[in-house]
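To start, the structure itself, in structure tokens.
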Amino acid sequence: MIQLIQTFGKFIRLILLTVSLCLLAPPLWSQNVIGEEQNTEDSETQTFQAPVIVDGDTLFHVRGSSALPANERAEGVQNKIIEVAESSDAKKVSITFEDSEFGIRIFADGIQVSIVTDADSELEQMDLNVLGLLHGQAIEQAIENYRANRTEQARVSGAIEALAWTLGFALFVVIILWLHRRIRRRTLKLVKRYLKNVETATAKSVQAEAIAALIRYALNFVLLVIFFLGFYYYLSFVLLAFAETRYFAQLLLTYLTEPVLLIFKGILSYFPNLIMLVLITWITMYIIRGMRVFFDAVEAGSFDLGDFEKHWIGPTFNIARVVVILIALVFAVPYIPGSDSAAFQGLTILVGAMLSLGANSVVSNMLAGLFVIYRRSTSLGDRIQIGDHIGDVVQIKLMETHLKSIKNELISIPNAQLMNSDVVNFSKKTDGNGLLLHTTVGIGYEEPPEKVEAMLIEAAHRTKSIKAKPEPFVLWTALADYAINYQINGYSTRGSIIPKIRSDLHRNIVAVFNENNVQIMTPSYMADPPEPKIPAEEWDGHLAHETHDDADKS
9 MIQLIQTFGK FIRLILLTVS LCLLAPPLWS QNVIGEEQNT EDSETQTFQA
59 PVIVDGDTLF HVRGSSALPA NERAEGVQNK IIEVAESSDA KKVSITFEDS
109 EFGIRIFADG IQVSIVTDAD SELEQMDLNV LGLLHGQAIE QAIENYRANR
159 TEQARVSGAI EALAWTLGFA LFVVIILWLH RRIRRRTLKL VKRYLKNVET
209 ATAKSVQAEA IAALIRYALN FVLLVIFFLG FYYYLSFVLL AFAETRYFAQ
259 LLLTYLTEPV LLIFKGILSY FPNLIMLVLI TWITMYIIRG MRVFFDAVEA
309 GSFDLGDFEK HWIGPTFNIA RVVVILIALV FAVPYIPGSD SAAFQGLTIL
359 VGAMLSLGAN SVVSNMLAGL FVIYRRSTSL GDRIQIGDHI GDVVQIKLME
409 THLKSIKNEL ISIPNAQLMN SDVVNFSKKT DGNGLLLHTT VGIGYEEPPE
459 KVEAMLIEAA HRTKSIKAKP EPFVLWTALA DYAINYQING YSTRGSIIPK
509 IRSDLHRNIV AVFNENNVQI MTPSYMADPP EPKIPAEEWD GHLAHETHDD
559 ADKS
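Counting from 9, one number per residue, gives the positions in the sequence shown under this note's numbering.
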């Protein structure tokens, strides 16, 4: 059994040593050249001072000179200690001291290992004899530990420890895989249970599957980080179980543990600022909720603000909310991590420059939107004409205004265009008479003008949506080459159905003129026909039905 464990330990140790050499070649190479990439001051310090390290433990520091740099001297002491430790299996080591002109020589089992000089004493600010005694004790302890860690019992213990860590890591991997599968199964079910109102609130633009996918991605990322940390510490602890790889294990633990501890220390030290940010956020949300209650009361009529119109409530609340949030950001910026750094300030300047250079049209549309909302020229539900577009205002946004055309088309017009264009509002009342609808017909010079005017007024009276009071009237707009252009004008308060009113007026004009055998002139002609161009008889609407019935019977 012991032989099997020893074989397993050697096998594990060989694999881990190979992996560690591949992964940690830079740390191995840099064991004796620590600090070559640091600044000049650190390089000079390490030239005159270097640690003596055996099995990952720092014994003491030695000082170098221009002839013998500290790194080379420390490496020589390390090699001597290892040489003495490997030369015997004895549990004890004999340490002796000898005075010389260079300092105190230290011998281990009769082999000179190191020498303590006056420079070392000056470096440590300690008496030479005391320092030599301390160095001797450290060397003795290092040799005894080196031998003890390489006994058969230590190797079996290390193999058992590595096996225990391996079993623990296997259990850890099983738990991670179980959590991964459980996340995939449970996420969508939990989202549908607790966030079922999200689809309703967003008109199903945000699907439960999408939310579940995002949550699942975040949880899997957390699992991946936990797995990486677990594997990293597993590898470190397994390497730590064997003396040959203990140095690399300590490097691994140092590389990851120190940054993690720094992060946790930073988080702990940031708690006061975090509390202040939470307080600012809570006060801001409380103020916004109070504003929401106030504007809801205004909309319900509990507060009377005079000429303040109801369609101003939403935009005014949004503007006030943005102002409150901006003020809160001004107070919160000093408490944001890194806000006082040059990088943060440079990023702020860059964002401001990008916004100022690229948001001219956006800002102009936003300002125009505010003018459109508050100048009262256009309101929701108004029938307006902008250029060639005629429609009802269905929504006024900060950036654009939406119209529903008379053909049921949705037209989006930028607010800047709305501000810079002539807007005809058919719904706003300027006085009690209403809108003045008009249309023009050309009648030949041979027809009595009084008769033509009477027929046009009769057609206006037949049109239901044209008011009888004030009376419709006729204007002569032009004396053309072949006809007089008569313009019939009538008042109407039905601005939302102007196309229908004008169509009915045209229909009635044609009917009245046909009844009185009066020809409406075409734009151009060669000569008058023998007979007026009017219908000879009334159209029988039943004719078409009878024709279709005969065709069906046949």
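Positions of the beta carbon are idealized from the N, C-alpha and C atoms, including for glycine.
None of these values were measured; they are calculated from a predicted model.
Tell me whether residue i sits in a helix, a strand or coil according to DSSP, three-state version.
| i | result |
| --- | --- |
| GLU458 | helix |
| GLU252 | coil |
| PRO280 | helix |
| PHE239 | helix |
| THR485 | strand |
| TRP37 | Annotation note: pLDDT 36 at TRP37 (below 50); position unreliable, no value reported. |
| ARG71 | strand |
| GLN258 | helix |
| SER95 | coil |
| GLN133 | coil |
| THR265 | helix |
| GLY309 | coil |
| ARG329 | helix |
| THR292 | helix |
| LEU76 | coil |
| ILE223 | helix |
| LEU513 | helix |
| ASN157 | coil |
| THR356 | helix |
| GLU2 | What the structure shows of the chain is the stretch from 9 to 562, and residue 2 is not part of that stretch, so it cannot be assessed. |
Judging by CA-CA distance, which residue of the options is the nearest neighbour of residue i?
| i | options | result |
| --- | --- | --- |
| ASP128 | LEU227, GLY498, ALA178 and VAL60 | VAL60 |
| ILE421 | ILE414, SER429 and LYS415 | SER429 |
| GLN403 | THR386, VAL62, GLY395 and TRP173 | THR386 |
| THR292 | ALA308, ARG329 and ILE271 | ARG329 |
| GLN149 | ASP63, GLN120 and VAL182 | ASP63 |
| ALA78 | PHE56, LEU334, ASP97 and ASP512 | PHE56 |
| VAL286 | ILE414, LYS415 and TYR343 | TYR343 |
| LYS197 | HIS188, ALA220 and LEU179 | ALA220 |
| GLN86 | LYS100, ALA75, HIS69 and SER74 | HIS69 |
| ILE234 | TYR255, TYR278, ALA257 and PHE177 | PHE177 |
| ARG224 | GLU408, ARG254, PHE239 and ARG193 | ARG193 |
| GLU479 | ALA462, ASP400 and PHE325 | ALA462 |
| GLU458 | SER73, TRP484, SER165 and ALA488 | TRP484 |
| THR159 | GLU80, ALA251, LEU247 and ILE191 | ALA251 |
| LEU337 | ALA308, ARG300 and MET284 | MET284 |
| PHE481 | ALA98, SER473, TYR499 and LEU487 | TYR499 |
| TYR278 | MET299, LEU227 and PRO345 | PRO345 |
| LYS99 | THR174, ASN433 and ALA156 | ALA156 |
| ILE103 | VAL401, LEU142 and LYS412 | LEU142 |
| ALA486 | ASN416, GLY452 and THR471 | GLY452 |
Using a threshold of 7 Å, state whether the C-beta atoms of residue i and residue j are closer than that.
| i | j | result |
| --- | --- | --- |
| PHE339 | ILE288 | yes |
| SER435 | ARG391 | yes |
| ASN497 | LEU444 | yes |
| ALA116 | VAL138 | no |
| LEU237 | ILE184 | no |
| SER249 | ALA350 | Strictly speaking, residue 249 in this sequence is Ala, with Ser absent from that position. It is not a contact, given that the beta carbons lie outside the stated cut-off. |
| VAL121 | ILE89 | yes |
| VAL520 | ALA467 | yes |
| ILE414 | PRO507 | yes |
| ILE112 | GLY140 | yes |
| PHE303 | ILE321 | yes |
| LEU264 | ALA257 | no |
| LEU131 | ARG81 | no |
| VAL101 | ILE151 | yes |
| LEU411 | GLY399 | yes |
Have a look at the DSSP bridge pairing and note the partners of residue i.
| i | result |
| --- | --- |
| LYS113 | According to the sequence shown, residue 113 is Arg rather than Lys. Looking at the DSSP assignment, ARG113 forms a beta bridge with GLU106 and ILE123. |
| ARG194 | None; ARG194 has no bridge partner. |
| ILE398 | GLN393 |
| ILE528 | ILE451 |
| GLU408 | PRO422 |
| LEU445 | GLY498 |
| VAL62 | ASP65 |
| ASN433 | ILE392 |
| GLN86 | GLN86 is not bridged to any residue. |
| ILE492 | ILE451 and LEU487 |
| SER413 | GLY399 |
| GLN57 | ARG71 |
Throw me the rounded Cβ distance for the residue i and residue j pair, which I believe falls under 8 Å.
| i | j | result |
| --- | --- | --- |
| LEU260 | SER244 | 4 Å |
| TYR494 | VAL518 | Actually they are not in contact, since the Cβ atoms of TYR494 and VAL518 sit about 14 Å apart, beyond 8 Å. |
| THR447 | LEU513 | 6 Å |
| GLY450 | ALA424 | Going by Cβ atoms, the distance from GLY450 to ALA424 rounds to 41 Å, so no, they are not a contact pair. |
| PHE105 | ILE114 | 6 Å |
Is any heavy atom of the ligand ADP found at a distance shorter than 6 Å from the C-beta of residue i?
| i | result |
| --- | --- |
| LEU411 | The ligand content of the structure shown is nil, which means the ligand ADP is not present either. |
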